[in-house]
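Q:
Numbering (the numbering used here), first residue to last: -17 to 292.
Okay, structure coming up:
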């Protein structure tokens, strides 16, 4: 397949010979995007895989989800990093140490990094990232892992971050303290994205909108765009956020997607947009379950439709 540009390997059992063959053929591959999910690689395969990934000349995007990789993968990746062309790296469901994090951010052309659903951070290797500066300008991490990753030194290695996404699971509450800790080190931050999740009966909450807005305003002075996705805000909290964030001196855009809002919010959006300083864009909806109470503005079941209010 000489013209294969994108490869998706999901729940495929591959032998060590596959990875050794991949290594020998790497320079002839034209793959630009590789997705690999649900696999376990032994030491030899992990080492061959790392060399192969760094040797594929056109590979720009790599997504690894629940791929068991040995320490040999990470040590080899660090050794071979100078050959890598990878610009976007997303990793989910994996364990992390300072040594492993060092190899991840050693990729010289890395611009976008996403680390999701990491397993408890192992500090036993006694190391911490020091004096390693990356060109990463887009970073996505779980809110609950900010403290652990920052303790390892991730934030000091990514001083150029302009776009930060903080992800929260269903049943979690967006913590203002975590927002402050996450955002404060990034002096070039212009876009903050708070993204939640939803199950059939629960979603991510943001209980204290006042503290949240104060945290964003104080820790993100250069922010121009705030995005909030799949957070249970409803109309009242959404109004509070809009009114409070209007005081941010540099903010020009707020995007609210699937935050349990409805068209009752549209008059305020139109009013704010007409003022010219701040543009509010909303996609209404977000509640997946039927509420058996009297329908009010803040409790009416939503309908999974989208309205862009500009």
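Every residue, glycine too, gets a C-beta built ideally from N, C-alpha and C.
Under 8 Å, do residue 215 and residue 241 count as touching if we go by C-beta distance?
A: Cβ distance < 8 Å, so residue 215 and residue 241 count as in contact.
Q: By the 10 Å Cβ neighbour count, where 16 or more other Cβ atoms means buried, how is residue 364 classified, buried or exposed?
A: Outside the displayed span of the chain (-17 to 292) sits residue 364, for which this structure offers no information.
Q: Please tell me whether residue 70 and residue 93 are closer than 8 Å, where the distance is taken between their beta carbons.
A: Against a cut-off of 8 Å, the Cβ pair of residue 93 and residue 70 comes out as a contact.
Q: With DSSP collapsed to three states, give me the class of residue 147.
A: Strand.
Q: In its own chain, which residues sit with a C-beta less than 8 Å from the C-beta of residue 193, not counting the 5 before and 5 after it?
A: Within the same chain, residue 193 has close Cβ partners 158.
Q: Secondary structure at residue 136, three-state DSSP: helix, strand or coil?
A: Helix, per DSSP.
Q: Can you give me the Cβ contacts of residue 222 inside the same chain, cut-off strictly under 8 Å, excluding the 5 residues immediately before and after it?
A: Result list for residue 222: 191, 192 and 195, in chain order.
Q: Output needed for residue 220: all residues of its chain with C-beta closer than 7 Å, excluding positions within five of it in sequence on either side, in chain order.
A: Once the five neighbours on either side are set aside, the close Cβ partners of residue 220 are 238, 241, 243 and 247.
Q: Can you give the Cα-Cα distance for residue -6 and residue 23, rounded to whole angstroms?
A: If you take the alpha carbons of residue -6 and residue 23, they lie about 11 Å apart.
Q: Straight-line CA distance for residue 156 to residue 130?
A: When rounded, the distance between both Cα atoms is 17 Å.
Q: Using CA atoms only, rank isn't needed, just tell me which of 118, 153, 126 and 125 is closest to residue 142.
A: When each option's Cα is compared against that of residue 142, the closest is 118.
Q: What's the gap between the Cα of residue 185 and the Cα of residue 10?
A: For residue 185 and residue 10, the distance between alpha carbons rounds to 46 Å.
Q: Please name the residue in 153, -2, 17 and 32 whose C-alpha comes closest to that of residue -12.
A: Among 153, -2, 17 and 32, the Cα nearest to that of residue -12 belongs to 17.
Q: Thinking just about the alpha-carbon of each residue, which of 51, 57 and 225 is nearest to the one in residue 73?
A: For residue 73, the nearest C-alpha among the options comes from 51.
Q: Which one of 35, 217, 68 and 63 has the shortest CA to CA distance from residue 251?
A: Minimum Cα distance to residue 251 is reached at 217.
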